[in-house]
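Under my numbering, read the sequence shown as residues 2 to 99, first letter to last.
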Amino acid sequence: MLTLWGRENSSNVKKVRWLAAELGLSYQHIPAGGQFGRNREADYLTMNPNGLIPCLQDDDLVLWESNTIVRYLAAKYSQQSLYLADHGQRANAEKWMD
Numbered sequence: 002m003l004t005l006w007g008r009e010n011s012s013n014v015k016k017v018r019w020l021a022a023e024l025g026l027s028y029q030h031i032p033a034g035g036q037f038g039r040n041r042e043a044d045y046l047t048m049n050p051n052g053l054i055p056c057l058q059d060d061d062l063v064l065w066e067s068n069t070i071v072r073y074l075a076a077k078y079s080q081q082s083l084y085l086a087d088h089g090q091r092a093n094a095e096k097w098m099d
């Protein structure tokens, strides 16, 4: 089960949500950061010591930094359609991830 922490109006969270939608992934969304707080609480900082959003949990794996998250999701869930083996094609896809 995927869980995504972050504000819906954050551009970095939007990037992760967009890719999840493109991949047809379901996930639990937990508002965090800004007016929602939560990202400075001890349990969140244990999970993400930077205290930033977005943060993604996929079973036991916890990731932060939106670019890292979108690369992970594309590599794991796209069946090569978004994260290609050809280095040039992958670089073209990564332009949209950064």
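Ideal Cβ positions, reconstructed from N, Cα and C, are used throughout, including at glycine.
On the CB-based measure, 16 or more other CB atoms within 10 Å of its CB, does P50 come out buried or exposed? It is exposed - the Cβ of P50 has fewer than 16 other Cβ atoms within 10 Å.
Would you please state the rounded distance, in angstroms, between the beta carbons of G38 and G7? I believe it to be under 8 angstroms. That belief does not hold up - the Cβ atoms of G38 and G7 are roughly 12 angstroms apart, past 8 angstroms.
Which residues share a DSSP beta bridge with Q58? Here Q58 is bridged, per DSSP, to T4 and V63.
Quick check on Q29: does DSSP put it in helix, strand or coil? strand
Determine contact between the stretch 84-91 and the stretch 45-63, defined as no fewer than three beta-carbon pairs at a distance below 8 angstroms. no
State the DSSP-derived secondary structure class of E9, mapped to helix, strand or coil. coil
Reference Q29; option with closest CA among S11, P55 and L5: L5
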